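See structure below.
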Amino acid sequence: ETGIDAWLRYARVPNCGKLRHEVPGRIVALNNSEASPVYTAGQELALGFAGILDKDVQVSDTSSAKHHGSHGHSGTLMVGTVDQFADASMDVDLDDDELIADGYHISISGSDVHIIGENDRGALYGAFNYLNALAQGNVPSESYTSNPDAPIRWVNHWDNLQDGGTHGSVERGYGGESIFYWDGSVREDLSRVPQYARLLASVGINGAIVNNVNANESMVEPYIVQGLQRVADLMRPYGVQIGMSLNFATPELLGVLDTYDPLNQSVIDFWNQRTDMIYEHIPDLAGYLIKASSEGQPGPLAINRTLAEGANLFAKALQPHGGITMFRAFVYDSTSLNETEDWRADRANAAVEFFDGLDGKFDDNVVIQIKYGPIDFQVREPASPLFAHLKNTPSAIELQVTQEYLGQQDHVMYFADLWKSVLDFDLRVDGEQSLVKDIIAGRRFNQPLGGYAAVSGIGLNQTWLGSHLAMSNLYLYGQMAWNPDVSSAGVIEDWTRLTFGFNQDVIDTVREISLEAWPTYENYTGNLGIQTLTDILNAHYGPNPASQDGNPWGQWTRADTFSIGMDRTIENGTGFAGQYPPEVAQMYDNIETTPDDLLLWFHHVPYTYVLNSGETVIQHFYNAHYAGSENAQTFPERWQALQGKMDQQQWSETMHKFVYQAGHSIVWRDAINNFYYNLSDIPDELGRVGHHPYRIEAESMELDNYELYPVIPWNTASNKTCIV
Ligand code: BDP
1 ETGIDAWLRY
11 ARVPNCGKLR
21 HEVPGRIVAL
31 NNSEASPVYT
41 AGQELALGFA
51 GILDKDVQVS
61 DTSSAKHHGS
71 HGHSGTLMVG
81 TVDQFADASM
91 DVDLDDDELI
101 ADGYHISISG
111 SDVHIIGEND
121 RGALYGAFNY
131 LNALAQGNVP
141 SESYTSNPDA
151 PIRWVNHWDN
161 LQDGGTHGSV
171 ERGYGGESIF
181 YWDGSVREDL
191 SRVPQYARLL
201 ASVGINGAIV
211 NNVNANESMV
221 EPYIVQGLQR
231 VADLMRPYGV
241 QIGMSLNFAT
251 PELLGVLDTY
261 DPLNQSVIDF
271 WNQRTDMIYE
281 HIPDLAGYLI
291 KASSEGQPGP
301 LAINRTLAEG
311 ANLFAKALQP
321 HGGITMFRAF
331 VYDSTSLNET
341 EDWRADRANA
351 AVEFFDGLDG
361 KFDDNVVIQI
371 KYGPIDFQVR
381 EPASPLFAHL
391 KNTPSAIELQ
401 VTQEYLGQQD
411 HVMYFADLWK
421 SVLDFDLRVD
431 GEQSLVKDII
441 AGRRFNQPLG
451 GYAAVSGIGL
461 NQTWLGSHLA
471 MSNLYLYGQM
481 AWNPDVSSAG
491 VIEDWTRLTF
501 GFNQDVIDTV
511 REISLEAWPT
521 YENYTGNLGI
531 QTLTDILNAH
541 YGPNPASQDG
551 NPWGQWTRAD
561 TFSIGMDRTI
571 ENGTGFAGQY
581 PPEVAQMYDN
591 IETTPDDLLL
601 WFHHVPYTYV
611 LNSGETVIQH
621 FYNAHYAGSE
631 NAQTFPERWQ
641 ALQGKMDQQQ
651 WSETMHKFVY
661 QAGHSIVWRD
671 AINNFYYNLS
681 DIPDELGRVG
691 HHPYRIEAES
701 MELDNYELYP
711 VIPWNTASNK
721 TCIV
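Take the sequence shown: its position 512, counted from the start at 1, is 512 in mature numbering (1 follows the signal peptide of the UniProt record, and there is no 0), and no numbers get skipped.
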């Protein structure tokens with residue numbers, strides 16, 4: 001198995017002989033237009049019945065609906081929207097449950113099953129949910145209703161039209177080239193697009209931004225828009241609406257105008273016209289995603305306009321068409337962050353500072369898209385305080401399925417508990433419970449919009465993300481955006497059954513390793529909230545603690561020979577802790593009440609500072625790095641035991657990753673431990689760090705045709721040297 005079908009393999013279930021008789025013998029889809037998700041639902045159900053149950057069922061359409069109303073013992077499975085059921089003169093019995101947009105009710109009465117969507121998409125989601133149960137060996141026997149927690153459940157793609165050469169690359173993507181672009185334009189062969197949209201729809205994702213936030217100005221040129229129309233047409237049957245990232249300076253960069261001032265009438269006209277043109281091709285465009293005034297990208301701040309004026313420019317152009325502007329809160333000026341000149345400078349402060357005074361100044365169809373933490377997808381971050389500041393503006397959380405900073409799909413990662421650490425966090429706005437998940441769902445501040453965005457990172461690789469296991473995070477993302485209270489263990493077990501089959505050892509091992517993945521990685525990378533300690537300057541991969549200070553990106557650890565950590569307290573530090581509502585600010589401002597796992601995020605302490613656990617900071621670093629890497633050593637061993645219990649190709653490709661990770665975790669362990677040992681001169685109580693009596697350096701072997709080569713950063717190779 002290559003992984004191309006991911007969790008939608010529809011593999012035969014062990015008890016299919018029995019289940020085959022428990023599902024209806026007919027399928028009726030109440031819409032026969034091929035662009036309709038209801039039609040797709042019918043096709044998908046037939047595909048699922050054939051694969052999962054070895055049961056061939058024809059799909060009939062609306063015209064035959066009445067005749068098949070209720071039929072003998074074999075029953076009918078009917079799928080459609082509330083309105084379509086009513087039009088077909090069918091009873092719509094929702095068991096007194098309410099449906100909201102995209103929600104569905106599955107009504108089970110005798111041998112008949114009605115999958116009733118609030119809209120087309122909801123019907124398809126209901127069908128996928130029913131199939132998910134079948135594929136796990138269960139035939140639903142009682143009626144149930146499911147509604148999404150938030151209206152926006154999008155993926156973001158950081159795909160480039162081209163990358164120097166002819167290929168469409170994916171920024172921070174580790175699964176191959178773009179499925180959308182090639183040679184500066186939309187691909188001719190878009191065959192991966194509907195396959196992908198199918199995966200998205202199966203977990204309730206309803207929107208996809210299809211190009212990089214560092215956007216190319218050509219996106220609004222007719223030849224690109226025509227290509228995107230083909231993409232939209234392929235995704236529409238799956239209920240996935242596409243959207244685009246735009247470059248703020250487009251009118252100037254295309255040479256059409258000599259300004260991009262959002263208040264200039266020609267600029268306004270430009271965007272209105274382009275938007276109208278785009279909607280002629282893609283009438284259901286979801287909207288625009290804007291990265292502006294950040295990391296060298298043009299934006300309103302450079303020309304003395306506010307971020308709200310910038311966002312509203314696009315919102316007004318989209319408004320007549322019903323589109324949404326997702327405006328990113330990831331705004332900071334990488335040219336002004338200078339650690340040596342201003343020790344109070346702190347990139348973590350940027351979002352709240354830049355959005356200060358703007359709450360309520362955005363048009364109704366603007367949503368502020370906020371990364372989960374205040375810096376940038378680090379292994380541990382506190383929840384972004386900006387979620388607490390936007391009471392009159394809808395917000396969405398930005399997550400990453402792709403593992404930038406977090407092992408790039410070569411280290412196993414399962415994001416459930418990391419995401420929950422932010423979504424379940426209580427910001428205590430106005431002294432009242434204010435969970436991040438309730439804010440973004442619109443519940444806390446009564447917003448009609450809001451929700452979730454995740455940087456997907458998929459590419460042409462047959463596994464989509466470059467790793468079989470990594471796909472659990474795309475599955476998880478959809479499940480959590482639909483219901484953030486799903487169980488971390490439950491989701492991974494379901495995913496494993498769907499992806500690897502029913503062997504209980506496989507299910508147990510995947511669950512255990514997945515749940516250990518985040519703490520294990522945190523242990524051998526950056527501990528106690530110090531950030532991930534990857535190379536910051538470029539790859540965001542592999543250990544490079546030295547790059548964490550004095551860099552222009554404002555990701556600093558402030559490590560010196562005695563002490564470490566960013567002092568973000570209110571009086572003496574950068575003041576970041578004060579951006580939280582009072583109860584939370586107080587907790588983080590006080591070193592006693594700051595949890596150990598965020599200690600160095602908020603406080604600068606000597607290496608000898610004693611944690612609540614009783615260890616010193618430096619000894620915790622040493623111990624955690626050994627513990628993390630020791631645990632990673634067990635992964636190949638535990639995986640080995642699964643050979644023959646699952647598909648061989650999936651098994652061996654995953655084994656390869658685990659063996660690599662086990663080795664790289666040792667590189668991490670020693671790089672970080674040696675670096676801080678050198679800096680602090682404090683020995684490891686257990687005598688491990690800096691002493692490797694049994695290690696044989698490659699350079700002390702007899703070498704033919706190899707040369708010694710100094711490694712930069714030095715701490716990533718034992719003895720600072722490798723052979724090439
Ligand atoms: C950082 C990435 C960079 C993105 C940026 C963003 O390293 O490639 O462009 O975030 O989110 O994490 O805009």
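C-beta atoms are modelled at their ideal positions from N, C-alpha and C, and glycine is treated no differently.
All figures in this text were calculated on a predicted structure; none of them were measured in a lab.
Restricting to Cα atoms, I'd like to know which of Ser336, Phe327 and Asn590 is closest to glutamate 571. Start at 1 with the first residue of the sequence shown, and residue 571 comes out as number 571. Cα-wise, what sits closest to glutamate 571 is Asn590.
Could you spell out where the alpha helix (DSSP H) holding tryptophan 495 opens and where it closes? Against the sequence shown, residue 495 aligns to sequence position 495. Per DSSP, the unbroken alpha helix (DSSP H) holding tryptophan 495 starts and ends at 488–500.
Taking 8 Å as the threshold (C-beta atoms), are phenylalanine 602 and alanine 577 in contact? Here residue 577 is taken as the residue at index 577 of the sequence shown, counted from 1. Here residue 602 is taken as the residue at index 602 of the sequence shown, counted from 1. Yes, the Cβ-Cβ distance between alanine 577 and phenylalanine 602 is below 8 Å.
Inside the segment 114–151 only - beta strand (DSSP E) runs reaching at least 3 residues: 144–146
Valine 36 burial status per 10 Å Cβ neighbour count (16 or more: buried): In the sequence shown, residue 36 corresponds to position 36, counting from 1. The amino acid at residue 36 is misidentified as valine; the sequence shows serine. Buried.
For the beta strand (DSSP E) containing arginine 328, list its first residue and its last residue. By 1-based counting over the sequence shown, the position of residue 328 is 328. For arginine 328, the enclosing beta strand (DSSP E) has its first and last residue at 324–328.
Is the beta carbon of arginine 380 within less than 7 Å of some heavy atom of the ligand BDP? Here residue 380 refers to the residue found at position 380 of the sequence shown. Answer for arginine 380: no, Cβ out of range of the ligand BDP.
Buried versus exposed, by CB contacts within 10 Å (16 or more), isoleucine 282: Here the question's residue 282 lines up with position 282 in the sequence shown. Buried, by the Cβ-count rule.
Indicate whether methionine 471 and tryptophan 482 have their beta-carbon atoms separated by less than 8 Å. Here residue 471 corresponds to residue number 471 of the sequence shown, with the count starting at 1. Here residue 482 corresponds to residue number 482 of the sequence shown, with the count starting at 1. Here methionine 471 is not near tryptophan 482, since their CB atoms are 8 Å or more apart.
For a test of the three-state rule: what should DSSP assign to alanine 624, helix, strand or coil? Looking up residue 624 in the sequence shown gives position 624. Helix.
For alanine 632 and serine 652, what's the separation of their Cα atoms in angstroms? Stepping through the sequence shown from its first residue, residue 632 is reached at position 632. Stepping through the sequence shown from its first residue, residue 652 is reached at position 652. About 17 Å.
Rounded to whole angstroms, what is the Cα-Cα separation between tyrosine 372 and aspartate 112? Looking up residue 372 in the sequence shown gives position 372. Looking up residue 112 in the sequence shown gives position 112. One Cα belongs to tyrosine 372, the other to aspartate 112, and the distance between them is close to 44 Å.
Could you tell me the boundaries of the alpha helix (DSSP H) in which isoleucine 672 lies? The count along the sequence shown starts at 1 and reaches residue 672 at position 672. That run of the alpha helix (DSSP H) goes 648–680.
Length of the line joining the Cα atoms of valine 379 and glutamate 516: Here residue 379 is taken as the residue at index 379 of the sequence shown, counted from 1. Here residue 516 is taken as the residue at index 516 of the sequence shown, counted from 1. Between valine 379 and glutamate 516, the C-alpha separation is close to 14 Å.
Report yes if the C-beta of phenylalanine 49 is less than 7 Å from at least one heavy atom of the ligand BDP; otherwise report no. Translated into the one-based positions of the sequence shown, residue 49 becomes position 49. Checking the Cβ of phenylalanine 49 against the ligand BDP gives no.
Looking at the unbroken alpha helix (DSSP H) that takes in glutamine 400, where does it start and where does it end? If you number the sequence shown from 1, residue 400 lands on position 400. Where glutamine 400 is concerned, there is no enclosing alpha helix (DSSP H), although the beta strand (DSSP E) it sits in stretches over 395–400.
Could you tell me whether the Cβ atoms of serine 456 and valine 401 are closer together than 8 Å? The residue you call residue 456 lines up with position 456 of the sequence shown. The residue you call residue 401 lines up with position 401 of the sequence shown. Cβ atoms of serine 456 and valine 401: closer than 8 Å.
DSSP three-state assignment for threonine 716, whether helix, strand or coil: As a working note, residue 716 is residue 716 in the sequence shown. Reduced to three states, the DSSP call for threonine 716 is helix.
Pick from Leu45, Val170, Arg121 and Gly110 that is closest to glutamate 142, judged by C-alpha positions: Residue numbering aside, residue 142 sits at position 142 when the sequence shown is read from its first letter. Nearest of Leu45, Val170, Arg121 and Gly110 to glutamate 142, Cα basis: Gly110.
Would you say the segment 425–435 touches the segment 177–189, given that touching needs at least three Cβ pairs under 8 Å? no
Valine 79 and isoleucine 108 look like a contact to me (Cβ under 8 Å); what is the Cβ gap, rounded to whole Å? Residue 79 sits at position 79 when you count from the first residue of the sequence shown. Residue 108 sits at position 108 when you count from the first residue of the sequence shown. Valine 79 to isoleucine 108, Cβ: 13 Å. No contact.
How many angstroms separate the CA atom of serine 467 from the CA atom of asparagine 461? Within the sequence shown, residue 467 is the residue found at index 467, counting from 1. Within the sequence shown, residue 461 is the residue found at index 461, counting from 1. Cα-Cα distance, rounded: 9 Å.
On a Cα-Cα basis, can you pick out the residue from Phe128, Asp269, Arg198 and Glu217 that is closest to proline 237? Walking along the sequence shown from the start, residue 237 turns up at place 237. Comparing Cα-Cα distances from proline 237 to each of Phe128, Asp269, Arg198 and Glu217, the minimum goes to Arg198.
Pick out whichever of Ala454, Asp120 and Lys55 has its Cα sitting closest to the Cα of threonine 40. Walking along the sequence shown from the start, residue 40 turns up at place 40. The residue with the shortest Cα to Cα distance from threonine 40 is Asp120.
What are the uninterrupted segments assigned as alpha helix (DSSP H) that are 4 or more residues long and contained completely in the segment 581–609, given in chain order? If one requires a minimum length of 4 residues, the alpha helix (DSSP H) runs lying completely within the segment 581–609 are 582–589 and 599–602, in chain order.
Might you give, ordered along the chain, the residues of its own chain that have their beta carbon closer than 8 Å to the beta carbon of threonine 716, omitting 5 neighbours on each side? Along the sequence shown, read from residue 1 onward, the residue named residue 716 stands at position 716. So the list reads Gly542, Pro543, Asn544, Val667 and Ala671, once near-sequence residues are dropped.
DSSP has histidine 157 in a bridge; who is on the other side? Residue numbering aside, residue 157 sits at position 157 when the sequence shown is read from its first letter. Per DSSP, none; premise fails for histidine 157.
8 Å Cβ cutoff met for isoleucine 530 and leucine 600: The sequence position of residue 530 within the sequence shown is 530, counting from 1. The sequence position of residue 600 within the sequence shown is 600, counting from 1. Yes.
Looking at C-alpha atoms only, which residue of Gln403, Asn32 and Gly690 is the closest neighbour of alanine 539? Mapped onto the sequence shown, residue 539 falls at position 539. Residue Gln403 is the option with its Cα nearest to alanine 539.
Cβ shell of glutamine 408 (< 6 Å), same chain only, five flanking positions each side left out: Taking the sequence shown and counting its residues from 1, one reaches residue 408 at position 408. If we look at glutamine 408 and ignore the five residues flanking it on each side, its Cβ neighbours are Tyr174 and Tyr541.
How long is the line joining the alpha carbons of histidine 68 and glycine 75, rounded to whole angstroms? Locating residue 68 in the sequence shown gives position 68, counting from the first residue. Locating residue 75 in the sequence shown gives position 75, counting from the first residue. In this predicted model, histidine 68 has a pLDDT of only 49, less than 50, meaning its place in the structure is not dependable; the value taken from the coordinates is given anyway. Between the C-alpha atoms of histidine 68 and glycine 75 there is a straight-line separation of about 9 Å.
The ligand BDP and asparagine 214: does any heavy atom of the ligand fall closer than 7 Å to the residue's C-beta? Residue 214 sits at position 214 when you count from the first residue of the sequence shown. It does: the Cβ of asparagine 214 is within 7 Å (strictly closer) of some heavy atom of the ligand BDP.
Tell me the residue span of the alpha helix (DSSP H) that contains tyrosine 475. The residue you call residue 475 lines up with position 475 of the sequence shown. Counting along the chain, the alpha helix (DSSP H) containing tyrosine 475 begins and ends at 471–482.
The segment 386–399 in contact with the segment 634–641 per 3-pair CB rule at 8 Å: no
Per DSSP, what kind of secondary structure is glycine 207 in: helix, strand or coil? For this step, residue 207 is matched to residue 207 along the sequence shown. Note: glycine 207 maps to strand in three-state DSSP.
Given 7 Å as the limit, tell me if phenylalanine 330 has its C-beta closer than that to any heavy atom belonging to the ligand BDP. Reading the sequence shown from its first residue, position 330 is the one you call residue 330. Result yes, Cβ under 7 Å from the ligand BDP.
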